[in-house]
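Engineer:
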Amino acid sequence: MIENNFIIVSLISIFIWIIFRISIIMKNKKVNICREIVLLLFYIYFLWLLLLTIFKGGFITLRNPFKEYMYNEYGLIGIINIVPIKETIVTFMHSEAGAMNSMRNVIGNIIAFVPLGFFISLLFEKFNNYKKVLKVGFLSSLAIEITQLFVGYNVCDIDDIIYNTLGVLVGFICFKTFEMITSKINLKEKIDKIRDFETNNIFKKVIKGILIVSVVILISYMYAFYDQTMPSNLNDKDMAKEAFNCNIDDILQIKEFNENKFYLIRNEFGVEVKQINKFVMDRYVDSRMGYSYIENNKYGYREEWIYENVNSANEDNKMSPIIYGKNKNADKILINIKGEKFEQKINKNDYFMVIYPEMISFNEIELNQIYSDESNENIMSIKFLDDNGKEISTINNLDEIEG
898 MIENNFIIVS
908 LISIFIWIIF
918 RISIIMKNKK
928 VNICREIVLL
938 LFYIYFLWLL
948 LLTIFKGGFI
958 TLRNPFKEYM
968 YNEYGLIGII
978 NIVPIKETIV
988 TFMHSEAGAM
998 NSMRNVIGNI
1008 IAFVPLGFFI
1018 SLLFEKFNNY
1028 KKVLKVGFLS
1038 SLAIEITQLF
1048 VGYNVCDIDD
1058 IIYNTLGVLV
1068 GFICFKTFEM
1078 ITSKINLKEK
1088 IDKIRDFETN
1098 NIFKKVIKGI
1108 LIVSVVILIS
1118 YMYAFYDQTM
1128 PSNLNDKDMA
1138 KEAFNCNIDD
1148 ILQIKEFNEN
1158 KFYLIRNEFG
1168 VEVKQINKFV
1178 MDRYVDSRMG
1188 YSYIENNKYG
1198 YREEWIYENV
1208 NSANEDNKMS
1218 PIIYGKNKNA
1228 DKILINIKGE
1238 KFEQKINKND
1248 YFMVIYPEMI
1258 SFNEIELNQI
1268 YSDESNENIM
1278 SIKFLDDNGK
1288 EISTINNLDE
1298 IEG
């Protein structure tokens, strides 16, 4: 996963916007300071709205929604809610906390778009009309919701569009109130100096601002791509050093499986597994998978899973176990998955990492057995043996002991 800082992108975009507006002023040899200030505030608001709705947390993260769990599990309805108000009611009725979250979400979605309705009515005279303002608000919210599918971990929600559009209407009402007040105190002429009386197509006007931030995002994401990924011509240890900022001497074992690289790495707390995934253009990226660590010199093992895909209940899920820990006195490990056995030698009194060599399909019933607290030895068993094939019972599952 590649991340980029949207705060930095916003600051660069604002700087470019100011330079762009200065160039227009110099070309036209005239300046309307009040309008330029309002335009700048509008552009800052636009960037803030992107931060609030699309780049939550301040990071730009691109993704493919059709490879996400919610799509695989529920189809389009897992990532797109097209039933108006349903999710709001469900959340509201769930609990007192759910009701508070639902109210916060509704109010937040309305408030976020109030400035849009106000700015549009203020800056463009021909859009000082509730029908046109609602149209702009609806299309803007729709564009944001669709974009959310491909950025971060959001879903497209019809409720958000409804509340956003309502927020734009509230903004329009606020402007009409503001306009009425300024007329009574003889400030309407000053307000008119801010307004554009000619523009019929607002999107032709705002496209320049959108283009600026889009280009900055593209360039910064390309930089982040090459900064956060590693070329395949690096050797495995150098790749780990660059990805995890670790010492090469602390890399205990390296395994390659399913085009990804797995590292058993020692740190100040103990040992842990880290993973580097093959990305695109023959480059690799830190998967940022959170495997549990094992404390220093603690005998035992942990069992984790490597996922190829997580599908709906009608399809099998493909996974493979990764077993790692510290061996005391066994000579080999035996993994039995649904009758298929895999055996690998391990060193005594040393750390080990073993990956079952193929992805295995599991149906929903088998998955429930694997993840339940009940015995699942008929699905998968892990045994430690001596050279004669006798089971060694001194190496325990640390998750079961600590759980």
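Under our numbering, read the sequence shown as residues 898 to 1300, first letter to last. Virtual Cβ for every residue (Gly too), placed ideally from N, Cα, C. These numbers come from a predicted model, not from an experiment.
When DSSP builds the beta bridges, which residues end up paired with Cys-931?
Structural biologist: DSSP, once it has assigned bridges, lists no residue as partnering Cys-931.
Engineer: I want to know whether the segment 1149–1162 touches the segment 1172–1182 - three or more CB-CB distances under 8 Å.
Structural biologist: Enough Cβ pairs lie closer than 8 Å, so yes.
Engineer: Helix or strand or just coil, what does DSSP make of Asn-998?
Structural biologist: In the structure shown, Asn-998 sits in a helix (DSSP, three-state: H, G or I).
Engineer: Please report how far the alpha carbon of Asp-1179 lies from the alpha carbon of Phe-1024, in whole angstroms.
Structural biologist: Asp-1179 and Phe-1024: Cα-Cα distance of roughly 50 Å.
Engineer: Whole angstroms are fine: how far does the CA of Asp-1133 sit from the CA of Phe-912?
Structural biologist: One C-alpha to the other measures close to 41 Å.
Engineer: Looking at the strands, I want to know which residues DSSP matches up with Lys-1363.
Structural biologist: Given that the chain is displayed from residue 898 to residue 1300, the structure contains no residue 1363 and the question cannot be resolved.
Engineer: CA-CA distance, Tyr-1118 and Glu-900?
Structural biologist: Taking the straight line joining both Cα atoms gives about 8 Å.
Engineer: Along the chain, which unbroken stretches of the beta strand (DSSP E) at least 3 residues long are found entirely within the segment 1264–1294?
Structural biologist: If we require 3 residues or more, the beta strand (DSSP E) runs fully inside the segment 1264–1294 come out as 1277–1282.
Engineer: On the criterion of 16 or more Cβ atoms from any shown chain inside 10 Å, does Ser-1080 qualify as buried, or is it exposed?
Structural biologist: Exposed is the call here.
Engineer: By Cβ distance below 7 Å, which residues in the same chain neighbour Glu-1263 in space, the five residues on each side in sequence not counted?
Structural biologist: The residues are Ile-1276.
Engineer: Taking only three categories from DSSP, how would you classify Thr-1077?
Structural biologist: Looking at the sequence itself, residue 1077 is Met, so the reference to Thr does not match. Reduced to three states, the DSSP call for Met-1077 is helix.
Engineer: Here's the rule: buried if 16 or more other CB atoms are within 10 angstroms of the residue's CB, otherwise exposed. What is Thr-1126?
Structural biologist: It is buried - the Cβ of Thr-1126 has at least 16 other Cβ atoms within 10 Å.
Engineer: Kindly indicate the opening and closing residues of the alpha helix (DSSP H) around Asp-1089.
Structural biologist: Here the alpha helix (DSSP H) through Asp-1089 covers 1085–1089.
Engineer: When the Cα of Ile-916 is compared with those of Asn-1233, Gly-1106, Pro-981, which residue comes out closest?
Structural biologist: Selected option, being the one with the closest Cα: Gly-1106.
Engineer: With a cut-off of 8 Å, do at least 3 Cβ pairs link the segment 1000–1016 to the segment 1048–1065?
Structural biologist: Short answer: they touch.
Engineer: Evaluate Arg-1001 with the Cβ neighbour count: other Cβ atoms within 10 Å of its Cβ, from every protein chain shown; 16 or more gives buried, anything less gives exposed.
Structural biologist: The residue in question, Arg-1001, is exposed, as its Cβ has fewer than 16 Cβ neighbours within 10 Å.
Engineer: Going by DSSP in three states, Cys-1143 sits in which element: helix, strand or coil?
Structural biologist: Reduced to three states, the DSSP call for Cys-1143 is coil.
Engineer: Go ahead and label Glu-1192 buried or exposed: buried means 16 or more other beta carbons lie within 10 angstroms of its beta carbon, across all protein chains shown.
Structural biologist: When all chains shown are included, Glu-1192 counts as exposed.
Engineer: What number of angstroms, rounded off, separates the C-alpha of Ile-1267 from the C-alpha of Thr-1291?
Structural biologist: Cα to Cα, Ile-1267 sits roughly 23 Å from Thr-1291.
Engineer: Check for me: the alpha helix (DSSP H) holding Val-906 runs from which residue to which?
Structural biologist: Unbroken alpha helix (DSSP H) run through Val-906: 903–925.
Engineer: Could you tell me how far apart the beta carbons of Ser-1129 and Tyr-1181 are, in whole angstroms, since I believe they sit closer than 8 Å?
Structural biologist: Sure, about 7 Å apart at Cβ, within 8 Å.
Engineer: Going by other Cβ atoms of all chains shown within 10 Å of its Cβ, with 16 needed for buried, is Ala-1210 buried or exposed?
Structural biologist: Low per-residue confidence applies at Ala-1210: pLDDT is 45, beneath 50, and the placement is therefore not dependable enough to give any value.
Engineer: Start and end of the alpha helix (DSSP H) containing Gly-1236?
Structural biologist: It is not in any alpha helix (DSSP H) - Gly-1236 carries neither H nor E in the DSSP assignment.
Engineer: Quick one: measure Cβ to Cβ for Phe-903 and Ile-957, integer angstroms, because I've assumed they're closer than 8 Å.
Structural biologist: That pair is a contact at about 5 Å.
Engineer: Taking Tyr-1123 as part of the beta strand (DSSP E), name the residues at either end of that continuous run.
Structural biologist: Note, Tyr-1123: premise wrong, no beta strand (DSSP E); alpha helix (DSSP H) at 1099–1125.
Engineer: When DSSP labels each residue in this structure, what does Ser-1018 get in the three-state scheme?
Structural biologist: It is helical.
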